[in-house]
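Below: one structure, written as structure tokens.
2 protein chains.
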Amino acid sequence: MTSSTETSREQDLLGRFRAGQRTALARAISMVENGRPGFEALLSELHGEMLRAHRIGITGPPGAGKSTLTSRLAMEYRKAEEKVGIVAVDPSSPFTGGALLGDRIRMTNISTDPGVFIRSMATRGALGGLATTTKEVADLLDAYGFERVVMETVGVGQSELEIAGTADTCVVVLVPESGDSIQAMKAGLMEIADVFVVNKSDRPGADKLANELELMLHMRLGDMPQSAGHHGVSLKTVGRHARESARQAAAESGAWAIPVIKTVGQSGEGVEELARTLDRHRVYLQDSGEMSRRRRARLEERVRAVVERRLQRLAWKSGRGEEILAQALPELEGGGQSPYEVAERIVAELGITQR
Amino acid sequence: MTSSTETSREQDLLGRFRAGQRTALARAISMVENGRPGFEALLSELHGEMLRAHRIGITGPPGAGKSTLTSRLAMEYRKAEEKVGIVAVDPSSPFTGGALLGDRIRMTNISTDPGVFIRSMATRGALGGLATTTKEVADLLDAYGFERVVMETVGVGQSELEIAGTADTCVVVLVPESGDSIQAMKAGLMEIADVFVVNKSDRPGADKLANELELMLHMRLGDMPQSAGHHGVSLKTVGRHARESARQAAAESGAWAIPVIKTVGQSGEGVEELARTLDRHRVYLQDSGEMSRRRRARLEERVRAVVERRLQRLAWKSGRGEEILAQALPELEGGGQSPYEVAERIVAELGITQR
């Protein structure tokens with residue numbers, strides 16, 4: 001009886017969700033966040049409705065002004081009457097309550113707009129991993145009908161980078177002050193950027209940073225034989241002219257030349273250009289077939305993540321695993337048994353027949 | 356035949372590891388890092404030899420000077436002829452090759468010392484999760500005989516914070532410039548700190564930051580009924596005197612009052628005090644029974660992580676899961692099937708009998 005009641009309650013939720021009720025969206029999100037019974041069934045039901053939104057990842061070091069920029073971008077989209085869903089996984093984000101009063105006030109501009117939905121994720125204790133849960137919340141926003149789904153994450157940390165990196169378009173935000181930090185995070189951030197933003201670009205050092213980024217991108221572009229070889233761009237020439245040539249060569253060869261855009265989040269300067277660039281990237285994704293490739297990779301990765309989450313749950317579901325663990329603790333502590341031996345016994349209890 | 360050859364090779368590695376051969380340590384670490392066959396057996400064998408080192412986590416925002424401080428601390432321990440193993444999971448760490456030339460030169464002081472071993476972890480693609488692998492490398496350093504095992508991680512990101520948080524003693528390093536960043540990372544960092552360090556404390560704002568931290572810690576201390584109630588510390592009084600009283604109250608009640616230490620990593624100022632404080636914390640851990648509690652929690656957590664890692668491997672081992680996934684891709688893309696339905700089928704293939 002309980003389960004059929006539950007099922008009808010889920011059907012009801014699904015109906016209200018599809019009818020565009022905000023409260024249903026909020027409930028669906030918290031079901032997913034807390035891994036409550038039926039959350040996977042709900043996501044499964046909505047799967048066919050999830051391929052519409054343009055998913056934008058916004059990431060960068062703490063203090064880069066990601067949230068302000070996200071708000072500005074949302075306002076820009078609202079001018080065109082596009083609906084915007086925002087998921088923030090950033091301890092410094094005003095969305096997650098970690099920020100200064102000034103930021104929070106600024107947010108109210110968009111947070112009272114019915115065309116904008118903001119959800120902050122708890123960065124701790126997400127069941128089966130922060131990354132998967134966050135992407136599932138983005139899925140819900142997509143299915144609900146937001147045309148733009150922005151995922152804001154801090155650009156440090158394995159899970160956090162992964163989230164932004166699986167968006168359709170990934171924006172990496174840096175600031176002149178980053179200094180060491182850019183150096184610091186170059187590796188991981190460089191790999192996932194589709195667009196670079198130099199934010200707070202009214203501050204000293206902004207041009208220098210933008211130039212360094214351009215140079216770095218050019219050198220990387222030069223590494224690609226198809227653009228260097230076919231179009232005769234010299235790898236040694238690093239002037240603006242050469243960079244422009246490299247970019248043009250990339251464009252001609254159908255590749256995406258990662259742009260560097262200067263913005264001032266506080267005033268909104270450069271945000272219109274950013275929005276245009278994101279649209280240009282979306283067109284590129286569609287025309288080049290890269291959109292399908294990214295979405296396919298995302299689906300594959302999701303299947304893997306869900307399999308692993310289910311197995312995790314199965315391992316601890318019966319309580320037998322906990323029992324074995326509790327009994328083994330004294331020996332584990334004494335050194336007489338190792339965690340690997342105990343784990344072996346717990347896995348054996350599952351009676352997996354296909355090995 | 357192959358497997359018995361492998362076993363004898365492993366026995367040989369184990370023998371050389373126990374005899375203190377550096378090359379054996381390096382090989383054992385890369386076995387673990389790459390999840391090569393036999394890596395769990397090796398860790399399992401060494402389990403009984405792993406409870407000796409004082410494990411110190413050092414974390415904080417990018418640019419806080421964690422690596423320099425780690426080097427200084429290592430030098431301090433070397434004065435007392437203690438051997439120091441360092442694992443760095445920090446993209447900005449000179450240990451991981453991400454830093455400026457100046458840093459790298461400074462490191463050579465300790466990197467040529469045979470009493471110091473430094474290992475940087477790749478932050479991407481660690482099998483079964485960065486956190487577990489890093490902790491297993493720390494285990495190896497412990498088993499090898501390093502008296503201090505320092506884990507340096509950047510203090511942003513779920514996995515990275517978790518690593519530092521599971522050390523015996525967790526040091527959170529901040530700098531006056533952090534500004535927004537402190538605010539940013541307060542939540543996660545506050546929870547795991549046993550000791551706060553204000554590094555680069557010769558710069559403006561260091562005293563202000565130290566005072567703010569003291570105040571924050573005092574207020575948190577005030578929240579604890581046993582210290583506030585029993586010792587009559589007023590929660591409203593926030594002056595230095597009251598803070599001192601609160602700390603004393605905590606000490607009397609047997610709790611650990613989190614200290615705030617000012618250092619200058621570049622010159623080494625304050626590092627001796629930091630080392631003394633870490634020792635004081637170790638004594639506290641032992642006397643209070645907290646050391647056993649933390650190690651027990653670490654063992655429990657390890658069993659769970661190993662179970663989950665094994666299940667992950669089992670799920671994809673036979674190739675049947677990949678097959679199902681590949682076949683389902685067109686329908687997944689078309690929206691006709693959801694990742695949850697495909698995952699269900701892959702899990703079913705495992706034939707788990709205990710449900």
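Protein chains in written order, with the numbering used here: chain A, 1 to 355; chain B, 356 to 710. Using N, Cα and C, we set each Cβ at its ideal position, and we do this for glycine too.
- CA-to-CA, the gap between Q641 of chain B and E515 of chain B works out to about 26 Å.
- Rounded to the nearest whole angstrom, the C-alpha separation of F17 of chain A and E49 of chain A is 12 Å.
- Membership of A138 of chain A in the alpha helix (DSSP H) is indicated by the continuous run 130-144.
- Burial state of N34 of chain A is exposed, judged by a 10 Å Cβ sphere holding fewer than 16 other Cβ atoms.
- Taking a C-beta distance under 8 Å as the contact criterion, A28 of chain A and L51 of chain A do not qualify as a contact pair.
- Its chain contains F39 as the residues whose beta carbon lies nearer than 6 Å to that of M31 of chain A, once the 5 sequence neighbours on both sides are disregarded; these appear in chain order.
- In the structure shown, E400 of chain B falls within a helical segment according to DSSP collapsed to helix, strand and coil.
- For I324 of chain A, the enclosing alpha helix (DSSP H) covers residues 320-334.
- For Q11 of chain A, no CB of chain B lies under 8 Å from its own CB, so it is not counted at the interface with that chain.
- Under DSSP, the beta-bridge partners assigned to A443 of chain B are B:S475, B:E507.
- Boundaries of the beta strand (DSSP E) harbouring I616 of chain B: 615-617, taken from the DSSP string.
- Counting the other Cβ atoms within 10 Å of the Cβ of P339 of chain A gives 16 or more, which makes it buried.
- The beta carbon of S466 of chain B sits closer than 7 Å to those of I473, all from its chain and outside the five residues before and after it, given in chain order.
- In this structure, DSSP gives T524 of chain B an extended state, which the three-state scheme calls strand.
- As DSSP reads the structure, G20 of chain A sits in no beta bridge.
- V661 of chain B carries a helical assignment under DSSP once its states are collapsed to helix, strand and coil.
- Residue pairing by DSSP places I465 of chain B in no beta bridge whatsoever.
- Of all residues in the segment 553-565 of chain B, none places a beta-carbon less than 9 Å from a beta-carbon of chain A.
- For T521 of chain B, the CB contacts under 6 Å within the same chain, skipping 5 residues up- and downstream, are R653 in chain order.
- Non-local beta-carbon contacts of A305 of chain A in its own chain, meaning distances under 8 Å to residues more than five positions away in sequence, involve G128, G129, A131, T132 in chain order.
- Here the C-alpha atom of I58 of chain A lies approximately 15 Å from the C-alpha atom of M121 of chain A.
- At a C-beta separation below 7 Å, Q621 of chain B has no neighbours in chain A, since its nearest C-beta there lies roughly 14 Å away.
- Identification of chain A residues near I701 of chain B by a Cβ-Cβ cut-off of 8 Å yields V303, V307, ordered along the chain.
- For T414 of chain B, the pairing in a beta bridge is given by DSSP as B:T508, B:V527.
- Of A:A257, A:A88, A:G115, A:L69, the smallest CA-CA separation from A80 of chain A is found for A:G115.
- Counting only the Cα atoms, Q354 of chain A lies some 10 Å from K672 of chain B.
- For S288 of chain A, there are no neighbours in chain B by C-beta distance under 7 Å, as the nearest C-beta there is about 17 Å away.
- Following the DSSP letters along the chain, one finds T632 of chain B inside the alpha helix (DSSP H) bounded by residues 626-643.
- For the pair H409 of chain B and V550 of chain B, the CB atoms are not nearer than the 8 Å cut-off.
- If you check the CB distance, V527 of chain B and A548 of chain B come in under 8 Å.
- By the beta-carbon neighbour count (other beta carbons within 10 angstroms, threshold 16), Q158 of chain A is buried.
- Cβ neighbours of E301 of chain A within its own chain (closer than 6 Å, five residues either side excluded): none.
- For the pair E82 of chain A and E76 of chain A, the Cα-to-Cα distance works out to about 9 Å.
- In this structure, the CA atom of A326 of chain A is about 59 Å from the CA atom of G254 of chain A.
- Approximately 5 Å separates the beta-carbon atoms of I411 of chain B and T524 of chain B; this is inside 8 Å, confirming the contact.
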